[in-house]
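Novice:
Numbering (my numbering), first residue to last: 38 to 204.
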């Protein structure tokens with residue numbers, strides 16, 4: 038078994054979307070997943086990319102993705118990486134591939150002087166939690182995650198004026 042991890046490139050959008058949908062199904066939320074290839078193309082390969090994706094291939098077959106974006110720690114004053122989605126296809130699980138994907142991101146953090154690698158996990162995903170504990174991840178139980186989306190986001194936006202670019 039030959040494993041190769043590479044950065045996603047134009048033309049990978051279909052495989053990335055397929056794995057995002059497989060992840061959504063695994064997370065029991067496929068009804069919420071509306072992403073299409075053109076959105077991935079813009080997000081990863083457009084004029085102003087907002088993220089990146091590593092793809093693991095096993096014997097030439099796409100086996101896993103790690104979809105990420107850079108963030109910034111105001112306390113440390115340096116960038117970090119947020120791992121938005123980590124997904125390993127069923128037939129490639131339990132072979133250390135997820136750990137390798139995380140280690141690859143850790144290497145990228147260290148090589149670039151970033152201070153952290155962060156992610157979230159569903160509380161019922163005990164296999165992932167065990168892995169994250171094993172790689173040295175620390176649960177941040179003092180933090181509560183919030184999100185505003187949909188009609189609430191639109192309503193909140195009506196309370197603000199556009200930000201003026203002073204350049």
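Glycine is no exception: its CB is placed at the ideal position from the N, C-alpha and C atoms. Note that this is a predicted model, so its numbers are computed, not measured.
Tell me the residue span of the beta strand (DSSP E) that contains residue 44.
Specialist: Residues 40-44.
Novice: Since residue 53 contacts residue 102 with CB under 8 Å, what's their CB separation in whole angstroms?
Specialist: Sure, about 6 Å apart at Cβ, within 8 Å.
Novice: Thinking just about the alpha-carbon of each residue, which of 204, 145, 183 is nearest to the one in residue 89?
Specialist: Cα-wise, what sits closest to residue 89 is 145.
Novice: How far does the alpha helix (DSSP H) with residue 54 in it extend, from its first residue to its last?
Specialist: Residues 50-63.
Novice: What does the alpha-carbon distance come out to for the pair residue 49 and residue 111?
Specialist: Each residue's Cα considered, the two are about 33 Å apart.
Novice: Helix, strand or coil: how does DSSP classify residue 123 here?
Specialist: If DSSP states are grouped into helix, strand and coil, residue 123 belongs with the strands.
Novice: Measure the alpha-carbon distance for residue 69 versus residue 161 and round it to whole angstroms.
Specialist: So the two alpha carbons sit approximately 18 Å from each other.
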